Each structure stands twice: as structure tokens, then as C-alpha cells.
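Q: Once you've had a glance at the structure underneath, I'll fire off some questions.
Structure below.
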């Protein structure tokens, strides 16, 4: 079994060696720019960890894992345009460094390229792998649309939000694990367990991201803290606060979310109310619950004795600060 570190080294080396045409530079250099910027490489790592549970030769699954990373970064590139984000991972976003048209077209090219990394799969796994990837790619778009709908939708429940992040975030993480199993010819029962574990992990991952947007360290997190509050974004924290607030706190929340004031004052005021309500604790409790679900599902795999690295990665995600 390979370690997380060894797998991530392989992924980073494979990404470093990716070759793109020199022209038009405006199309391809932004792709290099966003991919060379690192990131967690979570999705390809999950694919290769899952594959390695059933097969030792991870080279056979390396290209599809890179396809997932390219696709994921395409979604980030387009998300940044829609969110009007200026920075990602402490660097200018592609649309800020170039412009929106360049970012849109480079993102489109990344999405197309991501499918090409599946071409060399053996015939017996090519179709199920591509079917899952295609289904997942469309679901991610559905999740993004729901997220945008929430911006103007008055009544959004926590249940609505959890379904949105299931589509926008969790299904790609779930597909990463299941794709690793598919390519390695894992038993059907295990494929189902891997996917369900990925959904729980993906939900936990996004809730932790919501938490860090308010309570993280800017220098570590790579994004401005309080961005979701500033944008009145409906997150798990915001929806929990509105659900749990007493009448006085509810009036204060409505006032601060709609008042004209400095960014710092708005973020500090709303964070203070979150703290009074216990939103940080509730969020972390939910993250832990979902993480435990993922671990319990992994423990039901036929190869559970080989899952130590996968479980290590899962548990590390709830302790992350970026």
C-alpha cells in the first residue's frame, strides 16, 4: 500500500509533466497557472487510494485521477468568475489576472481535456467509468445552479442546502472513490460503500470549508475570511444561525445582513452573533458526525484491513485549517 504522501508526489509530478500547446497562449497558459498552484489534490488522491486497496499498480489509474483534478480546477475557475472572487490560494484568480473571457474559454478547454484522460482505460471499465464521470460532471453543474438560485431565493432550508452541496461538492468526491474501485475491479458491494462514504466525506468537507470561511486564518486558508458573510451567502452557518436564533438575535442578523456598513464591521458583528448562538459548535458537531459516517462505511469494505491510509486522509480533513 502506498502512503498518501507518495501518492500525492506521483500526482504532482504527473501534473508538472502535462504538456499543452504553446498557442494560443491565452488559452493554455491560464490552465498551467491554475494547475501548478497546488491545492489539496484531494480527488485524485482519493481515486488512487481507493484503487490501491484492490491493485498495486497505480500507474494504470494515474491518468483518470489527473482527469478529475483538471475537471475540479475547471469548476473552481468558473466558480471564481460567478463569485467575483479576486484571489484563490493567495494568488489572483484567472479572471483577475487575465479577464473573464479568457477564464471562461480556458475553463471550457479544461473540462474537455478532463475527459481525454479516460481514453486509455481498458474496455471492461471504460464505459462504467465514463458513465459515472459524465453523470457526476452534470450533477456538479446542477449543484452550482442551485447555489446561484439560493442567492435570490428567500426561503432556503438546511435540507435544501445539504442537497445543493451534495451535488456541487460531494458527488465528485464520491465519484473519485468509486472510480478508483471501478478501475481496480472492486466488488459491486464495495463500489456502493465507497460512493456512500464519499458523499458523507464530501458533505463534511464542504461544511468544514464553510466553517473556515468564518473562523479560519486568512494566511493559511488562502481566501479572505468572512467572504461568505460579506456576500450574504447562504451557508450551513448562516442557515443554522437563522434557524436557532431567538427573536432578538434574528432581528440583529437581519439588520447586519442588510445594513450598509464596512466589511470588517459586518463580519465581526455577524460572527459575534454566530458565537452567541453556538453556530461553530453545531457546525463542527455535524462535520464530525458526517466524518464518522464515512469511516463506518469504509470499515465495511471487503479490504478493510488495507484502509489505514484512506482513513487517515478522511480524519485529517476535519482537522484541516485550509
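Numbering (my numbering), first residue to last: 186 to 507. Just so it is clear, CB atoms sit at the ideal spot from N, CA and C, and this is done for glycine as well. Quantities reported herein were computed from a predicted structural model and do not represent experimental measurements.
#1: Could you tell me the alpha carbon to alpha carbon distance between residue 457 and residue 431, rounded to whole angstroms?
#2: Please list, in chain order, all residues of the same chain as residue 248 whose beta carbon is under 7 angstroms from its beta carbon, the five residues on each side excluded.
#3: Checking 8 angstroms against the spacing of the C-beta atoms, do residue 328 and residue 363 come in under that value?
#4: From this set, 236, 201, 266 and 493, which residue's C-alpha is nearest residue 220's C-alpha?
#5: Tell me which residues share the same chain as residue 381 and place their Cβ nearer than 7 angstroms to its Cβ, disregarding the 5 neighbours each side in the sequence.
#6: Among residues of its own chain, excluding the 5 on either side of residue 233, which ones have a beta-carbon nearer than 8 angstroms to its beta-carbon?
#7: Classify residue 226: buried if its beta carbon has 16 or more other beta carbons within 10 angstroms, exposed otherwise.
#8: How far does the alpha helix (DSSP H) with residue 217 in it reach, from first residue to last?
#9: By Cβ distance below 6 angstroms, which residues in the same chain neighbour residue 355 in space, the five residues on each side in sequence not counted?
#10: Could you tell me which of 434, 490, 445 and 252 sits nearest to residue 464, measuring between CA atoms?
#11: Could you spell out the range, first to last residue, of the alpha helix (DSSP H) harbouring residue 313?
#12: My understanding is that residue 283 touches residue 348, with C-beta atoms under 8 angstroms, so please give their C-beta distance in whole angstroms.
#13: Since residue 429 and residue 462 are thought to touch, with beta carbons under 8 angstroms apart, how far apart are those beta carbons, to the nearest angstrom?
#14: Does the distance from the C-beta atom of residue 357 to that of residue 319 stay below 8 angstroms?
#15: Identify whether residue 226 lies in helix, strand or coil by the three-state DSSP scheme.
#16: What whole-angstrom Cβ distance do residue 451 and residue 415 have, given they're in contact under 8 angstroms?
#17: Pull up the CB-CB distance for residue 299 and residue 252, whole angstroms please, since I reckon it's below 8 angstroms.
#18: Counting Cβ pairs closer than 8 angstroms, one from the stretch 391-400 and one from the stretch 487-500, do we hit at least three?
A: Taking the definition as stated:
#1: Looking up residue 457 in the chain shown gives position 272. Looking up residue 431 in the chain shown gives position 246. Looking at the two C-alpha atoms, the distance is approximately 14 angstroms.
#2: Counted from its first residue, the chain shown places residue 248 at position 63. Only 302 and 305 meet the Cβ criterion.
#3: The residue given as residue 328 occupies position 143 in the chain shown. The residue given as residue 363 occupies position 178 in the chain shown. Contact: no.
#4: For the purposes of this step, residue 220 is taken as the residue at position 35 of the chain shown. Among 236, 201, 266 and 493, the Cα nearest to that of residue 220 is on 201.
#5: Numbered from 1 along the chain shown, position 196 holds the residue referred to as residue 381. Around residue 381: 482.
#6: One-based indexing of the chain shown puts residue 233 at position 48. Same-chain partners within the cutoff: 187, 192, 195, 196, 243, 246, 247, 250 and 365.
#7: Start at 1 with the first residue of the chain shown, and residue 226 comes out as number 41. It is buried - the Cβ of residue 226 has at least 16 other Cβ atoms within 10 Å.
#8: Translated into the one-based positions of the chain shown, residue 217 becomes position 32. Note, residue 217: alpha helix (DSSP H), 210-220.
#9: What you label residue 355 is simply residue 170 of the chain shown in a count that begins at 1. So the qualifying residues of the chain are 384, 387 and 388.
#10: Within the chain shown, the letter at position 279 stands for residue 464. Of the candidates 434, 490, 445 and 252, the one whose C-alpha sits nearest the C-alpha of residue 464 is 434.
#11: Stepping through the chain shown from its first residue, residue 313 is reached at position 128. Run containing residue 313: 308-335, per the alpha helix (DSSP H) assignment.
#12: As a first step, residue 283 must be located in the chain shown, where it is residue number 98. As a first step, residue 348 must be located in the chain shown, where it is residue number 163. Not really, about 34 angstroms apart at Cβ, beyond 8 angstroms.
#13: Within the chain shown, residue 429 is the residue found at index 244, counting from 1. Within the chain shown, residue 462 is the residue found at index 277, counting from 1. Between residue 462 and residue 429 the Cβ distance is about 5 angstroms, and since that is below 8 angstroms, they are a contact.
#14: The count along the chain shown starts at 1 and reaches residue 357 at position 172. The count along the chain shown starts at 1 and reaches residue 319 at position 134. It is not a contact, given that the beta carbons lie outside the stated cut-off.
#15: Here residue 226 refers to the residue found at position 41 when the chain shown is read from its first residue. Residue 226 falls in the coil class under three-state DSSP.
#16: For this step, residue 451 is matched to residue 266 along the chain shown. For this step, residue 415 is matched to residue 230 along the chain shown. Indeed, because the Cβ distance is near 6 angstroms, the residues count as touching under 8 angstroms.
#17: One-based indexing of the chain shown puts residue 299 at position 114. One-based indexing of the chain shown puts residue 252 at position 67. Going by Cβ atoms, the distance from residue 299 to residue 252 rounds to 5 angstroms, so yes, they are a contact pair.
#18: no
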